[in-house]
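Counting in our numbering, the sequence shown runs from 1 upward without gaps. For every residue, glycine included, the Cβ atom is placed at its ideal position computed from N, Cα and C. Structure record follows, encoded as structure tokens.
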Amino acid sequence: MFDISWIRKKISQREYYFTRHGEQERQNDNLTIAEVRESLLNGMVLEQYEDDARGESCLAVGFTNSGKPLHVVCGELEGDLVIITVYVPTPPKFRNPYERG
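This is the structure:
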């Protein structure tokens with residue numbers, strides 16, 4: 001189970017990396033690494049995915065310093081935070097940053 005304090009610690013200590021998919025999605029949405037870091041440093045864990053076949057992960061929601069909402073799916077590998085994907089939550093999948101559509 002993921003805890004936001006662990007995620008913040010890993011971001012602060014720069015013990016994280018993006019998967020190839022996560023990096024591609026970050027670039028597709030024109031998001032900077034700084035924006036992803038900002039959102040995780042002030043965010044919260046919204047959903048836990050404990051039984052995922054690819055391994056345990058979670059969905060974190062947070063806001064950039066400019067107020068843009070971001071969703072970040074996070075995992076863990078060998079003690080590092082793995083950023084699996086990142087995106088701006090939008091309708092119809094999400095009514096707002098905290099609720100699915």
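The beta carbons of Val-86 and Gly-22 sit about 6 Å from each other, so the pair counts as a contact at 8 Å. Listed as beta-bridge partners of Tyr-98 by DSSP are no residues whatsoever. Ser-57 is bridged by DSSP to Tyr-49 and Gly-75. If you compare the alpha carbons of Gly-79, Ser-12, Asn-30 and Arg-8 with that of Gly-43, the shortest gap goes to Arg-8. Gly-75 places its beta carbon less than 9 Å from that of Gly-55.
DSSP places Val-82 in the strand class (E or B) of the three-state scheme.
Between Val-36 and Ile-84, the C-beta gap is not smaller than 9 Å, which leaves the two residues out of contact. Judged by DSSP in its simplified three-state form, Gly-22 adopts helix.
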